[in-house]
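Data first, discussion second: the structure below is written as structure tokens.
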Amino acid sequence: MNSTVIIALDFPTKSEAMALVDTLGPECQFYKVGLQLLTEEGPSVVRDLVAMGKQVFLDLKVHEIPNSVAGAVAAAGKLGASMVTVHASGGSAVLRAAVRAAVPFPGLKVLALTVITSLSDSDLPEIGLPASVRQQVERLAHLAARCGCHGVVTSALEAEYLSQALPTGMLIVTPGIQLPGSTNDQVRVATPETARKNGATHIVVGRAVTQAESPTLAFKLAAQVMAGARGA
Ligand code: C5P
Numbered sequence: 069m070n071s072t073v074i075i076a077l078d079f080p081t082k083s084e085a086m087a088l089v090d091t092l093g094p095e096c097q098f099y100k101v102g103l104q105l106l107t108e109e110g111p112s113v114v115r116d117l118v119a120m121g122k123q124v125f126l127d128l129k130v131h132e133i134p135n136s137v138a139g140a141v142a143a144a145g146k147l148g149a150s151m152v153t154v155h156a157s158g159g160s161a162v163l164r165a166a167v168r169a170a171v172p173f174p175g176l177k178v179l180a181l182t183v184i185t186s187l188s189d190s191d192l193p194e195i196g197l198p199a200s201v202r203q204q205v206e207r208l209a210h211l212a213a214r215c216g217c218h219g220v221v222t223s224a225l226e227a228e229y230l231s232q233a234l235p236t237g238m239l240i241v242t243p244g245i246q247l248p249g250s251t252n253d254q255v256r257v258a259t260p261e262t263a264r265k266n267g268a269t270h271i272v273v274g275r276a277v278t279q280a281e282s283p284t285l286a287f288k289l290a291a292q293v294m295a296g297a298r299g300a
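Numbered according to this note's numbering, the sequence shown spans residues 69 to 300.
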């Protein structure tokens with residue numbers, strides 16, 4: 069059973085999501101529920117996955133005031149989620165509120181989102197950031213560490229530096245993963261090999277598995293590569 073490959077259930081309906089869970093079977097232990105599925109189907113999809121013994125990464129991507137973030141994190145904990153995301157750019161008060169709200173839920177990891185993987189250096193000036201992606205990721209990852217977050221979400225390209233610079237035990241979760249033959253709207257992309265080599269503890273894979281001719285084979289390929297990752 070592999071817990072370092074997280075499959076993103078980016079589907080419009082629970083039945084499509086559960087069909088994939090069924091196809092991947094017991095080998096796949098960790099699923100990401102994001103805004104589309106959550107908004108379409110509600111939290112029951114998370115409860116159902118947890119009841120099946122799966123781990124759930126609830127990708128809320130919250131960017132809110134500390135009180136609202138704390139409420140969302142606590143709600144994720146009550147659902148039985150194993151990971152929840154908060155935008156690090158919300159600042160230290162938000163991150164600390166998120167970490168405090170997770171204390172009653174020892175199985176819940178608060179992940180700080182650095183810079184989403186569809187952005188590149190040329191996108192940052194239009195949102196008022198004079199930094200490169202790498203500088204911004206590093207700044208936010210260190211902030212997340214100081215605030216006690218359990219991990220960060222970033223592309224595999226920045227994972228190499230972060231795996232050296234962040235405190236031991238911090239999770240490095242990397243989306244933007246491509247397998248041979250897969251392409252999509254992500255910009256900062258890497259293969260599972262690169263992600264693992266660069267120190268990612270977990271990879272998040274969506275379309276490269278869900279839209280593959282054989283999702284089972286695509287998952288196995290990624291899982292084999294990640295089997296020796298440091299968080300495995
Ligand atoms: O289909 P693909 O593998 O690109 O899906 C990646 C998943 O990871 C999506 O569900 C997306 O929301 C998520 N994600 C991301 N970049 C982040 C955080 C999460 O792509 N920084």
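Beta carbons are placed, not taken as given, at the ideal position from N, Cα and C, and that holds for glycine.
Secondary structure of G93 (DSSP, three-state): helix. With contacts defined by Cβ atoms closer than 9 Å, A290 and V277 form a contacting pair. Of the heavy atoms belonging to ligand 1, none sits nearer than 8 Å to the Cβ of N135. Considered as a whole, the region 84-169 harbours 96-101, 123-130 and 151-155 as its complete beta strand (DSSP E) runs of no fewer than 3 residues, in chain order. Those residues that have a beta carbon less than 6 Å away from any non-hydrogen atom of ligand 1 are, in order along the chain, A76, D78, K100, G102, D127, L181, I184, T185, V221, P243, G244, I245, N252, Q254, V272, V273, G274, R275 and A276. Checking the DSSP bridge columns, you'll see I240 partnered with V220.
Judged by beta-carbon spacing, T185 lies within the 9 Å limit of V255, meaning their Cβ atoms are closer than that value. Beta-bridge pairing by DSSP links H270 to V241.
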